[in-house]
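Residue numbers (my numbering): 252 to 709.
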């Protein structure tokens, strides 16, 4: 019997940190655990920053495990907030991305390395057209929680009119916990919220078309069955395959330069569970007033803190100089290895914007959270942290959307203090960590799920 050709998976993702990291985690894990050939592709703007130390980084290269092969989206310097219309940018991204990823697939086939499956992430529905053009199966990798997927699914299947009809009613409190994109004004078609919501609409229309062909769509999802059992069971029309990954520093594709400060050595000097870690991710911008209130709350809490304030979020004034001189009580860095920090025994709480990557990393490290959601699905994630998993608290903000210092002190004391609630929160954080460990161990659900997924292509 002739030997079957080696499987070759092409992973295509959007060029921002929150999309690159989970996609690269899965790409590397699939390559190392199954022996399949894997190519990772993102737009040049993200690729160049991710592999800036590699000579001739714009060209294809292999690191011994996977191949990196970027594509041009027509804006190789990336999206600029101050000079680009989001709608025009994404239209260019789609047109150029589709053409150039299609060329990649053709070139790989001509080189004797045909792609056997394309895995794509959010905002990239055009990848399905590329796959169809070349007669290759494509699979969505959902990089948000199952609960958020279920919300979008039911929104586009019968509940959109209800949500929109009541979105402005104060008593309709469910909107407080829904992804922010669902509240996009119908008439504001050029807003980022509307553009992203329409991209999700396109995605679910693609999944619906697959069902019309009497094929049950399959998709991979970055979560754990034990974390979101009910949400996973609420969408029966799609075969959802949870393949939550245990974050590893070596699997990150950082597009920000890590701070040279010796923050890990600083953590080594702190008592177990004593440090407050603060980070609002790779996109959120904190205004000066919020930075000042954050600093006030951290100092009044009288707990040591490690705070990430990105270089692009540092304005003149606003207490940044004072933070820099925090000394033994506090340290500020421009970027750090979040996985290493959260895994350190000194870290006792994560003040987070509740992006899914940050939430997942905190959960698998057993670190309780103070949730300060900003936009997108972060409000839903914060709801999960506080109400479903019970491993953190959601902070309250004032009418200007600012988390005041005294509220931060209250939340930190609730999570890290010796009261009954704090003990319960910390115990639950450890419980969810154990459930994730079980899922990624030999014979665990995520291991079994990924193997079954790969076996279907053999």
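Glycine included, C-beta positions come from ideal geometry on N, C-alpha and C.
Approximately 5 Å separates the beta-carbon atoms of residue 667 and residue 600; this is inside 8 Å, confirming the contact. Sorting 691, 441 and 580 by C-alpha distance to the C-alpha of residue 548 places 580 at the top. CA-CA distance, residue 528 to residue 467, rounds to 43 Å. The beta carbons of residue 281 and residue 611 sit about 18 Å from each other, so the pair does not count as a contact at 8 Å. Within the region 418-482, the complete alpha helix (DSSP H) segments at least 4 residues long are 443-463, listed from N- to C-terminus. Residue 360 is bridged by DSSP to nothing; it lacks a bridge partner. The C-alpha of residue 267 lies about 27 Å from the C-alpha of residue 405. Here residue 514 carries a helix assignment [DSSP, helix/strand/coil]. For the pair residue 598 and residue 592, the CB atoms are nearer than the 9 Å cut-off. With fewer than 16 other Cβ atoms inside 10 Å of its own Cβ, residue 536 counts as exposed.
Within 10 angstroms of the beta-carbon of residue 706 lie fewer than 16 other beta-carbons, which makes it exposed. Taking a contact to require three or more Cβ pairs closer than 8 Å, the region 618-632 and the region 386-400 qualify as touching. Annotation for residue 681: 617 place their beta carbon closer than 8 Å to its own, counting only its chain and skipping 5 residues before and after. Three or more Cβ pairs drawn from the region 640-648 and the region 670-687 lie within less than 8 Å of each other, which places the two stretches in contact.
Only exposed fits residue 307, as fewer than 16 other CB atoms lie within 10 angstroms of its CB. Annotated three-state conformation of residue 410 is helix, per DSSP. Residue 590 sits in a helix when the DSSP states are folded into three classes. Contact between the region 290-301 and the region 318-338 is present, with at least three C-beta pairs closer than 8 Å.
Membership of residue 390 in the beta strand (DSSP E) is indicated by the continuous run 389-393. Contact between residue 372 and residue 265 holds, with the beta-carbon distance rounding to 6 Å and staying under 8 Å.
Counting along the chain, residue 704 sits inside the alpha helix (DSSP H) bounded by residues 696-706. Looking at the backbone, the Cα of residue 274 and that of residue 492 are separated by about 15 Å.
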